[in-house]
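Numbering (this note's numbering), first residue to last: 3 to 92.
We treat Cβ as the ideally placed atom computed from N, Cα and C, and that holds for glycine.
These figures come from a predicted structure and were not determined experimentally.
Written below as structure tokens is the structure these notes are about.
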Amino acid sequence: MLQPLIPEQVDRSVAAATTPATRLILALAAVHAARVAQIATLMLDDVDLGNRRLTIAGASARWTTSPCSCCWTGLSTGAAGGRTPRTSTC
């Protein structure tokens, strides 16, 4: 049974994501419900930037926002150590 995280759990997770890699893992888990093992096995062939598609565990999904927006919006606020979040597109 799925249970949503309470705001304090979300805040702790975002605060703990202090590197680009951990922010990406958190974004993939939050947006695509990807599990750690699935994220760890991602290959470049699983990412289709031209068609804005990502394949995780055999399931393909289209991005509705740019990958940079997904990784930076909300996740870098407070977790960037006071730095200004990156807002440009890749």
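Cβ contact (3+ pairs, closer than 8 Å) linking the stretch 52–59 and the stretch 30–38: yes
As assigned by DSSP and simplified to three states, the class of residue 56: For the purposes of this step, residue 56 is taken as the residue at position 54 of the sequence shown. Here residue 56 sits in strand by DSSP.
DSSP-derived helix/strand/coil call for residue 63: Locating residue 63 in the sequence shown gives position 61, where the first residue counts as 1. Residue 63 falls in the strand class under three-state DSSP.
Test: residue 53 CB closer than 8 Å to a CB of chain C: You won't find chain C in this structure, because it holds only one protein chain.
Residues sharing a beta bridge with residue 50, DSSP: Taking the sequence shown and counting its residues from 1, one reaches residue 50 at position 48. According to DSSP, which records beta bridges pairwise, residue 50 is partnered with 55.
Three-state class that DSSP yields for residue 91 in the structure shown: Residue numbering aside, residue 91 sits at position 89 when the sequence shown is read from its first letter. Below a pLDDT of 50, predicted positions are generally treated as unreliable, and residue 91, at 37, falls in that range; no measurement from the model is reported.
Same chain, Cβ closer than 6 Å to residue 54, five either side skipped, listed in chain order: Here residue 54 corresponds to residue number 52 of the sequence shown, with the count starting at 1. Here the set comprises 64, 65.
Helix, strand or coil at residue 40 according to DSSP, with G and I counted as helix: Translated into the one-based positions of the sequence shown, residue 40 becomes position 38. Looking at residue 40 - three-state DSSP - the assignment turns out to be helix.
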